[in-house]
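Inspection log for the structure reproduced underneath, given as structure tokens.
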Amino acid sequence: GWAVLLDRSQRRLQLVLLPPALFIPITDDPAQRQESLEAVPEDVHPYIIYEETTDIWINDDFSFIWVNESKTGFSHLYKITSTLRPGCYQWSGNYTHTEGDFKCAIKEEVTLTSGEWEVLARHGSKIWVNEASKQVYFQGTRDTPLEHHLYVVSYESPGDVVRLTKPGFSHSCSISKNFDMFVSHYSNVSTPPCVHVYKLTGSEGDPLHMVPEFWASMMEAPGCPGDYRSPEIFDFPGKSGFQLYGMVYKPHNLQPGKKHPTVLFVYGGPQVQLVNNSFKGMKYLRLNTLASLGYAVVVIDGRGSCQRGLEFEGALKNKMGQVEIEDQVEGLQYVSERFNFVDLSRVAIHGWSYGGFLSLMGLIQRPNVFKVAIAGAPVTVWMAYDTGYTERYMDTPENNQQGYEEGSVALHVDKLPSEPNRLLILHGFLDENVHFFHTNFLVSQIIRAGKPYQLQAKSGEHYEIMLLHFLQQYL
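Residue 5 is where the sequence shown starts when you use our numbering, and the numbers rise one by one after that.
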């Protein structure tokens, strides 16, 4: 059996091979369990095939293909050849583990892909290995961080990385078992999704350079509604040294010289990318609705978001809430200079979950920039959120007390504005991710500090009317 082991700090990962003889029957009887343990042969042991370590975090002769992010800071493919011969140890019933036991020597480690781009290996992304042609098919961001494409590379003689999907779109692909066809679900910011099947044709003598030919349509892109207007993607150099990407929904009633109230829609946390070249008209239809009502809507992927490498995403390591707002404010200033319709005196910050957390942080840290904040289901104290998620990015509370304190908005309510009608909190009683405790604790601290707020708490999730009413009344 195989096991991937991750320590509590989530900075050390091991790929372990477990021989079948190490497995014992499940029993609640201590005597039977001890008997099974004693029956395990002393010459049978686990093998630590491969180990990966990093100072930030890990996003999740025998050869295998491995995705490693910590080596270069970008997720890339490696062919690992390991010798099944562990280090020195004494394996017996009284065995005591020491560092290095069962660790196999790495005979060869071949880099298959490289560069400042990512092989997609999270969020359900798959990697396909064709052992007959000795090729690996994967999805990645080699052409641009804004688009996902299907690529192929040889693991026998690595070099060329060949793109199989057409540029100008972002693709989600699946390849057939015979590696002769693939399906792509793709779109861009102005084109709704379609699903096409492609057949790989060409010379068997050059399997790396097979040509994809359209074979069938499983779904054609529907036309956009008449009142839908796609956002415009932009980028700008951040003061942090990174190039940052954003998108803006222009007000539908745009007139030369007229300034419009602006909504900064934010998420800003790890594992999420909002700005990319895919259709936004379904999941983010409400942003188009705001634009149709005369608001400018701005979205920015700052440091902490994914698909840009571990250094970019890891900027918030041990300091969630302390770096993200800076990038958002820089983006607002850039948009106001490039698009003269943004009214910087009337800016709302709004988001859900991590975006709700940053909406509160925006009003706390930059009340001079954000006139109002609408925080949906915010995390307000990191000690009370999902342990695995929180410790991956913030370490344990014992090791990072300052980070937990500075990143918990409920502990900084004294910095909220004293003027009324600047804060609206939205939260569902039945939220199974960010429990209502977070808002309950936040409100108790706000009341204790004597700060004004508005709260909409419901068992359902329909808050759009309340959000629009608040914007129209107070922005």
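By construction, the Cβ of each residue, glycine as well, lies at the ideal position given by its N, Cα and C atoms. Nothing here was measured: the structure is a model prediction, and the numbers come from that model.
About 6 Å separates the CB atoms of residue 250 and residue 302; that is less than 8 Å, so the two are in contact. In the structure shown, the three-state DSSP call for residue 419 is helix. For residue 293, the enclosing alpha helix (DSSP H) begins and ends at 289-296. When 170, 398, 377, 26 are compared, the shortest CA-CA separation from residue 386 is found for 398.
By the Cβ rule, the segment 393-408 does not count as touching the segment 443-451, because fewer than three pairs are nearer than 8 Å. According to the DSSP assignment, residue 394 belongs to the alpha helix (DSSP H) that extends over 391-398. Taking all protein chains in view, the Cβ of residue 453 is surrounded by fewer than 16 other Cβ atoms within 10 Å, so the residue is classified as exposed.
For residue 72, the pairing in a beta bridge is given by DSSP as 80.
Only residues of its own chain outside the window of five on either side were considered, and among them 233, 253, 254, 255, 256, 301 have a CB closer than 8 Å to the CB of residue 295, listed in chain order. The segment 211-286 contains, as complete beta strand (DSSP E) runs of 3+ residues, the segments 215-223, 236-241, 247-253, 264-269 (chain order).
Secondary structure of residue 408 (DSSP, three-state): helix.
Per DSSP, residue 11 lies in no alpha helix (DSSP H) segment and is marked neither H nor E. When Cβ pairs closer than 8 Å are counted between the two stretches, the segment 307-326 is seen to touch the segment 405-423, the count reaching three or more. It is roughly 28 Å from the alpha-carbon of residue 367 to the alpha-carbon of residue 311.
Burial check for residue 341: the Cβ neighbour count within 10 Å stays below 16, so the residue is exposed.
Beta-bridge annotation (DSSP): residue 205 is paired with 215.
Three or more beta-carbon pairs separated by less than 8 Å are not found between the segment 22-37 and the segment 69-88, which leaves the two stretches without contact. Distance from the Cα of residue 219 is smallest, within the candidate group 201, 420, 291, for 201.
Distance from the CA atom of residue 221 to the CA atom of residue 353, rounded to whole angstroms, is 41 Å.
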